[in-house]
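Just so you know, the protein sequences line up as chains A and B, in that order.
For reference, each letter of the first sequence is one residue, going 4 to 351 in this note's numbering.
For reference, each letter of the second sequence is one residue, going 346 to 610 in this note's numbering.
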Amino acid sequence: MSERTLMGGNIAIGEGALLAGCQAYFGYPITPQNDLLELMARRMPELGRVFLQTESELAAINMVYGAAAVGFRAMTSTSSPGFSLQQEGISYMAGAEMPAVIVNIMRAGPGLGNIGGAQGDYMQCTRGGGHGDYYLITLTPSTVQEMMDLTMLAFELADKYRNPVLVIADGFLGQAMEPVIIREKVKKLPEKKWALTGAKGRPKNLVNSFEMNPIDHPRRIKLLLEKFERMRVHEVRYEGLNLDDADIVLVAYGSAARSAITAMNMARKNKLRVGLVRPITVFPFPYQPLADLAERGCKFVVAEMSGGQMIEDVRMAVGNQNEIKLANSYGGVPLEADTIFEAIDILM
Amino acid sequence: MSNVEKPDYENVIFARPGIMVDRSTHFCPGCGHGIIQRLVGEALDDLKLHERAICIGSIGCTVTAYEYYKVDGMEAAHGRAPAVATAIKRCRPELVPFSIQGDGDLASIGTAEIVHAAARGEKITIIFANNATYGMTGGQLAPTTLMGMYTSSTPDGRNAAQSGFPIRVSEMLATLDGPAYIARVAVNSPANVRKAGKAINLAFRTQLAGLGFAMVEVLSMCPINWKVEPVNALEWMAKNMIPQFPLGEFKVLPAVAALKKADKE
């Protein structure tokens with residue numbers, strides 16, 4: 004029994020969160036994700052759940068931290084400048100192993116930049132982003148359906164690993180309208196024995212990242228690093244299209260992947276053997292599939308809406324033997340399929 | 346199973362509150378924080394909050410406050426305890442979140458969080474330990490540092506042209522409609538310690554009664570960074586600090602006053 008309905012990208016994230024059992028939402032208005040905050044303002048209280056518009060993104064992330072600590076499925080959403088502010092709280096949550104979902108509907112930076120969609124936060128998202136040794140599983144929807152599905156997955160993965168999980172998209176995708184199949188509601192939330200629920204009938208629980216004694220801290224970090232390694236082994240997700248005979252492989256995620264698919268289809272019409280690797284997780288990044296394609300002698304076009312950030316991961320996967328071209332847009336403008344097609348043309 | 350051992354009350358006339366862990370603290374000699382932590386412990390014991398209290402450690406000298414109580418605890422980032430406490434209370438209203446925040450934490454980096462938690466009337470309890478300096482980092486200028494006071498970052502003494510003026514947080518927050526109870530107390534004499542204990546107890550009862558935001562500012566000694574002998578710090582506070590930060594109640598909603606009155610009867 005699945006219902007099909009027309010939905011906006013940001014709204015699909017919110018509805019996905021509700022289906023996944025999100026119990027608390029904290030957020031601060033920032034374009035281009037305000038419709039998500041407004042949806043939660045209406046829907047969360049309707050469902051008897053916690054909604055609060057906060058005084059800042061900083062307060063929002065620290066409230067998410069508090070809500071996570073008492074065992075609630077908690078979430079915030081923001082856009083790039085707000086996401087920068089939230090790095091403090093995200094680092095604390097990673098250190099204290101608190102699960103939560105953070106949505107970043109990216110806009111162009113640096114600074115105030117422009118409210119147009121962009122993918123310039125790639126490095127910040129895939130390298131932890133805040134201070135210290137940590138990583139976050141980073142999911143990159145490229146359709147409105149995936150906005151819903153990956154948000155739901157984000158809550159599962161956050162609880163599975165006791166770590167914050169990012170869902171990143173951009174302003175264009177946030178405003179896209181597409182048909183969506185409404186998923187089944189998550190019925191049973193995982194038990195959290197570590198949660199702060201009052202020290203009743205058990206020793207007290209403690210949520211912290213602090214080790215007073217320098218001898219203890221490396222041990223804690225080692226456990227975290229082992230966890231991130233498990234993510235690298237088990238959580239790589241990507242979609243491969245037309246790879247069997249591909250001479251040229253496009254690599255793109257999110258909105259840019261949609262343009263890349265158009266460019267790939269243009270190329271195929273011209274009898275050019277072009278395929279696509281679309282990372283669905285950018286941490287962990289699909290290094291191995293790209294390395295395998297490099298081994299086969301493929302050339303690569305990295306299509307992204309930034310000055311060229313993901314291309315560094317592709318270079319790391321591919322090595323120095325194979326040609327890699329960047330086809331990009333930046334400053335808050337969409338990446339045109341023509342731009343990607345030109346890069347394919349040059350490589351041919 | 347209870348985490349709380351019951352002292353032999355019949356023969357003991359003064360004991361560590363049962364809710365407190367039997368361990369030494371990390372506080373410096375003559376520091377007021379130990380007294381404050383104890384007063385909080387007494388309130389938690391008195392109100393039987395062993396299974397409901399959540400101690401939120403704030404950054405500064407109270408960072409490990411949660412180590413000293415047998416209740417659930419967590420650490421907040423510098424200045425963010427009111428935001429964390431807000432979420433805890435809104436998610437699980439049966440819990441009793443509280444934090445002991447220093448003056449750097451609350452009155453400098455955390456001004457947005459404390460002002461908005463107070464303005465929203467969050468049903469949380471904040472103990473604001475004001476010692477007019479950054480104790481943990483070595484005695485730098487704080488938002489509460491007195492005019493002319495020497496600190497490690499005001500080597501010539503605080504002057505207004507360089508560093509402006511001290512912030513009176515209790516008076517400032519009392520202008521808001523959200524708070525239910527705001528008081529300033531001190532721990533520099535037995536009489537003041539007794540009053541401080543009562544105010545802290547009332548701040549917890551304000552939360553328990555669901556009356557709104559409660560904060561008790563506690564003037565606390567920091568002899569190490571004030572560079573005075575511990576015993577002289579008591580007098581130093583009376584002479585220098587209390588005139589700048591007068592003791593008293595700044596906001597008492599009628600419902601809180603009723604709680605207090607019931608207390609006396």
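No residue lacks a Cβ here, since even glycine has one placed at the ideal position from N, Cα and C.
Secondary structure at residue i, three-state DSSP: helix, strand or coil?
i               : result
M346 of chain B : Model confidence at M346 of chain B stands at a pLDDT of 44, short of 50, so the residue's coordinates are unreliable and nothing is read from them.
T370 of chain B : coil
D136 of chain A : coil
F213 of chain A : coil
C567 of chain B : coil
I471 of chain B : strand
D173 of chain A : strand
N37 of chain A  : helix
F549 of chain B : helix
P84 of chain A  : helix
Q89 of chain A  : coil
T265 of chain A : helix
T200 of chain A : coil
D453 of chain B : It is worth fixing the name first, because residue 453 of chain B is Ser in this sequence and not Asp. Residue state, collapsed to three classes: helix.
I347 of chain A : helix
M109 of chain A : strand
A421 of chain B : coil
K596 of chain B : strand
N537 of chain B : helix
R7 of chain A   : strand
What do you reckon, is the C-beta of residue i under 7 Å from a heavy atom of the ligand MN?
i               : result
D152 of chain A : Among the components modelled here there is no ligand, and therefore nothing to report on the ligand MN.
Could you compute how far the alpha carbon of residue i sits from the alpha carbon of residue j?
i               : j               : result
V147 of chain A : S5 of chain A   : 16 Å
V317 of chain A : I347 of chain A : 16 Å
E149 of chain A : L9 of chain A   : 14 Å
V183 of chain A : L176 of chain A : 14 Å
D447 of chain B : N475 of chain B : Reading off the sequence, residue 447 of chain B comes out as Gly, not Asp. Between G447 of chain B and N475 of chain B, the C-alpha separation is close to 6 Å.
F549 of chain B : T470 of chain B : 6 Å
L227 of chain A : E238 of chain A : 16 Å
V252 of chain A : F86 of chain A  : 31 Å
I16 of chain A  : P144 of chain A : 10 Å
T141 of chain A : L40 of chain A  : 21 Å
M346 of chain B : M517 of chain B : Any reading at M346 of chain B must be qualified, since the residue scores a pLDDT of 44, below 50, and its modelled position is unreliable; the value itself is stated next. If I take the Cα positions, the gap works out to 44 Å.
R110 of chain A : K606 of chain B : 56 Å
I459 of chain B : A398 of chain B : 20 Å
Q178 of chain A : R437 of chain B : 34 Å
G116 of chain A : T34 of chain A  : 12 Å
V441 of chain B : Q552 of chain B : 7 Å
I512 of chain B : A457 of chain B : 14 Å
Q382 of chain B : E49 of chain A  : 40 Å
E412 of chain B : H395 of chain B : 14 Å
Q36 of chain A  : C25 of chain A  : 18 Å
K393 of chain B : P282 of chain A : 53 Å
K188 of chain A : A340 of chain A : 36 Å
Of the residues the options, which one's Cα is nearest the Cα of residue i?
i               : options                           : result
A559 of chain B : B:I404, B:D448 and B:G523         : B:G523
Q485 of chain B : B:S453, B:G466 and B:V514         : B:S453
E91 of chain A  : A:G131, A:G119, A:V104 and A:R110 : A:G131
K540 of chain B : B:M494, B:G593, B:E516 and B:A477 : B:G593
G123 of chain A : A:P84, A:A263 and A:D136          : A:P84
L350 of chain A : A:V280, A:I185, A:G300 and A:M308 : A:G300
Y125 of chain A : A:V321, A:D136 and A:I314         : A:I314
P193 of chain A : A:I283, A:R186, A:A172 and A:P102 : A:P102
E75 of chain A  : A:A23, A:P32 and A:R240           : Reading the sequence as shown, one finds Phe at residue 75 of chain A and not Glu. That would be A:A23, whose Cα lies nearest to the Cα of F75 of chain A.
L169 of chain A : A:R205, A:I93 and A:A202          : A:I93
Residue i touches chain E at which residues, Cβ-Cβ below 9 Å?
i               : result
N208 of chain A : Of the chains in the structure shown, none is chain E; the protein chains are A and B.
Just to confirm, is the Cβ distance from residue i to residue j under 8 Å?
i               : j               : result
G455 of chain B : Y479 of chain B : no
G30 of chain A  : M47 of chain A  : no
A71 of chain A  : M96 of chain A  : yes
L199 of chain A : P167 of chain A : no
R254 of chain A : F288 of chain A : The amino acid occupying residue 254 of chain A in the given sequence is Val; Arg does not appear at that position. No, the Cβ-Cβ distance between V254 of chain A and F288 of chain A is not below 8 Å.
S258 of chain A : M319 of chain A : no
R529 of chain B : F443 of chain B : no
V67 of chain A  : T81 of chain A  : no
V336 of chain A : G133 of chain A : no
T57 of chain A  : F286 of chain A : no
I472 of chain B : V385 of chain B : yes
Inset, instruction - Taking 8 Å as the threshold, find out whether the region 381-392 of chain B comes into contact with the region 425-436 of chain B through three or more Cβ pairs. - result: no
Inset, instruction - Could you tell me whether the region 391-403 of chain B touches the region 46-57 of chain A, using the rule of 3 or more Cβ pairs below 8 Å? - result: The region 391-403 of chain B, when compared against the region 46-57 of chain A, does not touch it at the 8 Å Cβ threshold.
Legend entry - Stretch-stretch touch, CB-based, cutoff 8 Å, three pairs: the region 580-588 of chain B with the region 496-512 of chain B: Touching, no, given that fewer than three Cβ pairs across the two stretches are closer than 8 Å.
Legend entry - Segment contact flag, the region 231-249 of chain A with the region 317-337 of chain A, C-beta cutoff 8 Å, min 3 pairs: The region 231-249 of chain A vs the region 317-337 of chain A: no contact.
Legend entry - Touching by the beta-carbon criterion (3+ pairs, under 8 Å), the region 209-228 of chain A and the region 263-280 of chain A: no
Inset, instruction - Determine contact between the region 153-168 of chain A and the region 201-217 of chain A, defined as no fewer than three beta-carbon pairs at a distance below 8 Å. - result: no
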